[in-house]
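Numbering (my numbering), first residue to last: 169 to 502.
Heads up, the beta-carbon is just placed ideally off N, CA and C, and yes, glycines get one too.
Below is one structure, written out as C-alpha cells; comments come after it.
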Amino acid sequence: MTTEPAASSDEALGPISSLILIDMEGRPPVAFPYNATEYAYPLLVPYLGGVGLLALLSNVILLAFLLYRRLYKNFISSQFIIHLCITNIIGLLILFPQFLHNLWTGENLWFNNNALCRVQAFLICSIWSVVNFATVSIAGVHLLTFNRIHYDQLFGMNPNHLCYLSWVVGFAVSLPCITNGNIIVYNPALRHCIWGITDYSYKFLTYVLILGVIIPALLSYYAYLKILKTLYHSPIVFQSLGLYKSRFIIYTFFLSPFYQAPLIYITLTGHHTVYGPTDLFPIISTILAYCPMMLTPLIYSLSMVLIKEEDMVITARAHKSTNAYTQVAPGHRL
C-alpha cells in the first residue's frame with residue numbers, strides 16, 4: 169500500500185497562495201509578459217513633457233487669475249473652475265510624470281510595490297471621476313445662467329461643499345482599486361497600472377463608467393442641449409446680448425466624455441497580440457485620457473469670455489429677502 173505525498177501548503181492553498189505571494193513580494197500583476205526594453209519610447213518623452221508642463225502652467229495661471237481677481241465672489245462657475253484647476257494640477261503633478269517615466273524606461277515605476285500600483289489606479293479613477301463631476305457642475309451653472317435662475321434657488325448647497333462631495337464620491341467609486349487585489353494590473357501597452365481583463369475588473373469598469381462617466385455626461389449633455397435650444401429659439405435676443413457666439417464653445421463641451429473612450433477600448437480588446445510595443449495607438453489613447461486636464465484652461469477661459477455669465481446680478485438678487493420686492497428697470501417687465 170503506497171501513500172501519496174502530502175500536498176505542500178502552497179498547493180493546498182491554490183490560487184489563494186499566489187495572491188498571498190504577490191502581496192508579500194510586493195510586485196503587481198501584469199496584463200501580459202513583456203520586455204521593458206521593447207516598450208521604452210524615450211523619443212516622445214521630451215515632447216510630451218513639454219505639453220504636460222504647458223498644461224500645468226496654464227492651469228496654475230488660470231487658478232491664480234481667478235483667485236487674484238476674486239472672480240469666485242461674483243461668478244459661481246468660477247468656484248467650480250477653481251476646483252477643476254486644482255484637480256487638474258494634482259493629476260498633472262502626480263499621474264502624468266509616472267506615465268512619462270514608464271514611457272521612458274518601458275518599465276513600471278512601481279515594479280516592486282503592488283500597493284502604490286493600486287494607489288496609482290485609485291488616483292486615476294478618482295481624478296477622472298472628479299473632473300467629470302466638476303464639468304457637470306459647471307454645465308449646470310451655465311444652464312441656470314441662461315435661464316436666469318440662481319444656483320442657490322435650485323441646489324441650495326454651497327459650491328465648495330459640492331466640490332468636497334465630488335471628491336468623496338470619486339474616492340468611493342475608486343475604492344475597489346485598493347481593496348480588491350483581482351482588479352488592478354500593470355498594462356505595458358498603456359504604461360499604467362489600470363484595471364485588467366478579469367471578471368472583477370470588468371465589473372469595476374462598469375461601475376466606474378456608470379457613476380463616473382455616463383451619468384455626468386448625460387447630465388452635461390442635457391444642460392448644454394437645453395442651452396443650445398434656448399440660443400437657437402431666440403437668436404436675435406442673444407445676439408444683442410453678445411451671447412449667441414457662445415454656441416461654438418458649447419460644442420467643445422460635447423467632446424469631454426469621449427477622451428477616455430480609446431483607452432477603455434484598449435483595456436477591453438488590447439492584448440499584446442493586438443498592440444505591439446511599437447504601436448502608437450495605446451500611447452495616443454493614454455494621452456487623450458489626460459486631455460481634459462490639459463484643455464480645461466483654454467476651454468473655460470473662453471467660456472468665461474464668450475458666455476459672459478451675469479452671476480453678479482443674480483447673486484445679489486439671491487441674497488435679498490425672499491419677501492422683498494425686486495426693483496424693475498423702466499421698460500422691463502417681470
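Item                                                                                                              : Value
Backbone secondary structure at V442 - three-state DSSP                                                           : coil
Proximity winner among L211, G259, M472 and L284, relative to R195 (alpha-carbon distances)                       : L284
Where L350 sits in the DSSP three-state scheme                                                                    : The identity of residue 350 in the sequence shown is Asn, whereas the question assumes Leu. N350 falls in the coil class under three-state DSSP.
Start-to-end residues for the alpha helix (DSSP H) that takes in W296                                             : N282 to F314
Beta-carbon proximity check, L221 vs I262, cutoff 8 Å                                                             : no
Per-residue burial, A289 [other beta carbons within 10 Å of its own, 16 or more giving buried]                    : buried
Where the beta strand (DSSP E) containing W363 begins and where it ends                                           : H360 to W363
Assigned secondary structure, N355 (DSSP; H/G/I helix, E/B strand, else coil)                                     : strand
Beta-carbon spacing of I506, A357 below 8 Å                                                                       : Any answer about residue 506 is impossible in this case: the structure gives the chain only from 169 up to 502.
Whole-angstrom C-beta distance between A199 and E275, which should lie under 8 Å                                  : Actually they do not touch by this definition, with Cβ atoms about 14 Å apart.
Exposure of F372, with buried meaning 16 or more beta-carbon neighbours within 10 Å                               : buried
Minimum C-alpha distance to Y215 - residue among L231, N256, L277 and F264                                        : F264
Neighbourhood of P210 by C-beta, 6 Å cutoff - its chain only, sequence neighbours within 5 removed                : W272
I249 and L234 closer than 8 Å at C-beta                                                                           : yes
Extent of the continuous alpha helix (DSSP H) run through Y215                                                    : V213 to Y236
Cβ separation of V299 and T255, assumed to be a contact under 8 Å, to the nearest whole Å                         : 6 Å
Nearest-angstrom Cα separation, counted from W278 out to I382                                                     : 30 Å
Range of the contiguous alpha helix (DSSP H) that encloses W272                                                   : I244 to T273
Rounded distance between the beta-carbons of C253 and T437, thought under 8 Å                                     : T437 to C253, Cβ: 34 Å. No contact.
Strand pairing of V506, partner residues [DSSP]                                                                   : Summary: the structure shown does not reach residue 506, with the chain confined to residues 169 through 502, and so no result is reported for it.
Proximity of H310 and S245 at Cβ, strictly below 8 Å                                                              : yes
Run of the alpha helix (DSSP H) containing V341, from where it starts to where it stops                           : P327 to S342
Contact the stretch 458-472 vs the stretch 224-234: 3+ CB pairs below 8 Å                                         : yes
Enclosing alpha helix (DSSP H) for L456 [first to last residue]                                                   : F449 to A457
A391 (DSSP reduced to helix, strand or coil)                                                                      : helix
Three-way DSSP call (helix, strand, coil) for F372 in this model                                                  : helix
Assumed close pair I351, S334 - CB separation to whole angstroms, cut-off 8 Å                                     : Their Cβ separation, rounded to whole angstroms, is 22 Å, which puts I351 and S334 out of contact at 8 Å.
Start-to-end residues for the alpha helix (DSSP H) that takes in Y433                                             : A429 to T437
As assigned by DSSP and simplified to three states, the class of T366                                             : coil
Proximity below 8 Å, CB of C505 to CB of H269                                                                     : Coverage of the chain is limited to positions 169 through 502, which leaves residue 505 absent and any answer about it impossible.
Whole-angstrom C-beta distance between V341 and G380, which should lie under 8 Å                                  : 5 Å
Residue nearest to C361 in terms of C-alpha spacing, selected from I346, T374, D367 and Y375                      : I346
Classification of Y236 by the beta-carbon crowding that lies within 10 angstroms, buried from 16 upward           : exposed
Nonlocal neighbours in the same chain, by C-beta distance under 7 Å from P425, ignoring five residues either side : V381 and A385
Backbone secondary structure at A385 - three-state DSSP                                                           : helix
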